[in-house]
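In the numbering used here, the protein residues as written are 515 to 794. Cβ coordinates follow ideal geometry from the N, Cα and C atoms, glycine included.
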DNA sequence: CAATATACCTGGATGC
DNA sequence: TGCATCCAGGTATATT
């Protein structure tokens with residue numbers, strides 16, 4: 515389930531060898547992803563062009579082409595985007611394959627088809643990116659992710675802090691797993707209404723978010739070499755989960771039992787002792 | 001306007 | 001063993 519850290523790890527992996535490579539052939543499945551794959555635009559603006567660099571915004575990867583076009587890829591749920599030897603037989607659910615001039619292939623495999631591929635032409639790229647950017651929340655590692663912003667966004671909202679953190683229009687890149695882990699690290703009960711957080715709790719949210727995401731990126735980064743394999747990269751952060759998927763197990767911090775509840779339709783894990791409802 | 005529900009999709013786990 | 005059912009989860013859209 516790619517959230518910000520997994521997308522960032524993917525980006526860092528691709529950055530090691532993709533910039534400067536020219537796309538020499540494109541094949542795509544006829545399956546519709548979240549949106550149809552823009553085969554025509556891929557042929558016009560990605561085929562025959564070199565990849566300049568790759569950026570990330572929220573959970574999206576932005577492949578900046580040397581001709582000014584931008585190819586946007588969202589990994590959906592399945593986190594399989596990697597460089598593979600072009601001789602490797604195609605796998606089921608390979609939806610996009612970009613052959614490169616060094617005989618490697620960039621393959622996007624998305625069995626559940628929750629991902630998407632977009633192409634912005636050189637002419638429209640700037641405007642599209644600005645519009646795209648405006649719809650998304652602040653990046654957790656940017657200066658905009660600060661107490662003033664969070665209190666201003668959160669003050670009038672009754673929704674649970676966990677839903678608030680997962681709202682991509684407020685903060686970019688936090689999904690269900692990291693929302694659980696961040697709130698444990700911040701000692702905040704996931705059901706606490708966002709509007710009732712005390713200043714110290716907002717500070718804890720900010721610090722914990724950055725710390726957890728950074729740790730996760732570092733742990734995932736240790737498997738970057740797996741990008742050259744065919745099996746995707748598992749990363750190592752899951753062994754560090756403090757609460758996610760640990761319902762009925764003991765809290766590592768206090769030995770009490772981790773609770774599992776449903777918040778906003780999502781499985782939510784927390785330690786009732788370490789994360790009391792408390793709004794100072 | 002905020003909050004909640006639903007649709008999209010497949011593979012793996014679980015239940016009978 | 002095999003079949004049905006549920007669950008996972010990001011995001012756009014619809015509904016309350």
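Determine the direct distance from the alpha carbon of residue j to that of residue i, and round the result to whole angstroms.
i	j	result
residue 779	residue 581	43 Å
residue 786	residue 715	17 Å
residue 744	residue 752	Its pLDDT being 35, under 50, residue 744 is placed unreliably in this model, and the value from its coordinates should be taken loosely. If I take the Cα positions, the gap works out to 21 Å.
residue 529	residue 755	27 Å
residue 662	residue 535	42 Å
residue 571	residue 671	25 Å
residue 713	residue 667	13 Å
residue 633	residue 731	27 Å
residue 697	residue 541	42 Å
residue 640	residue 565	17 Å
residue 579	residue 648	22 Å
residue 674	residue 683	15 Å
residue 736	residue 532	Here residue 736 scores only 30 on pLDDT, less than 50, and its place in the model should not be relied on; the value that follows carries that caveat. Between residue 736 and residue 532, the C-alpha separation is close to 19 Å.
residue 694	residue 767	15 Å
residue 791	residue 708	12 Å
residue 681	residue 692	13 Å
residue 520	residue 733	10 Å
residue 545	residue 669	43 Å
residue 642	residue 583	11 Å
residue 602	residue 665	51 Å
residue 746	residue 592	Summary for residue 746: the model assigns pLDDT 46, below 50, so the residue's position carries little reliability, and this model does not support an answer.
residue 644	residue 638	10 Å
residue 543	residue 769	50 Å
residue 573	residue 522	8 Å
residue 599	residue 606	16 Å
residue 518	residue 604	27 Å
residue 728	residue 687	12 Å
Are the CB atoms of residue j and residue i within a distance shorter than 9 Å?
i	j	result
residue 538	residue 676	no
residue 524	residue 575	yes
residue 587	residue 595	yes
residue 710	residue 777	no
residue 689	residue 550	no
residue 726	residue 789	no
residue 559	residue 617	no
Please go through the same chain and pick out, in chain order, the residues whose beta-carbon is closer than 6 Å to the beta-carbon of residue i, but skip the five residues on each side of it.
i	result
residue 700	718, 719, 722
residue 611	541, 619, 621
residue 585	560, 577, 633
residue 614	535
residue 567	533, 578
residue 646	none
Per the DSSP calculation, residue i is bridged to which residue(s)?
i	result
residue 781	776
residue 579	565
residue 707	674
residue 634	584
residue 622	595, 610
residue 574	571, 588
residue 521	Answer is none; residue 521 lacks a bridge partner.
residue 764	771
With a CB to CB cut of under 8 Å and the five nearest residues on each side skipped, what residues in its chain are close to residue i?
i	result
residue 547	590, 609, 624, 627, 628, 629, 630, 631
residue 774	761, 762, 781, 782, 783
residue 772	757, 760, 761, 762, 763, 764, 765, 783, 784, 785
residue 552	631, 632, 633
residue 562	536, 537, 538
residue 569	525, 575, 576, 578
Leaving out five residues before and five after residue i in sequence, what residues of the same chain have Cβ atoms less than 7 Å from its Cβ?
i	result
residue 685	651, 652, 654, 659, 679
residue 657	none
residue 554	none
residue 724	654, 655
Could you tell me if the beta carbon of residue i falls within a distance shorter than 8 Å of some heavy atom in the ligand ATP?
i	result
residue 732	As for the ligand ATP, it is missing from this structure, which has no ligand bound.
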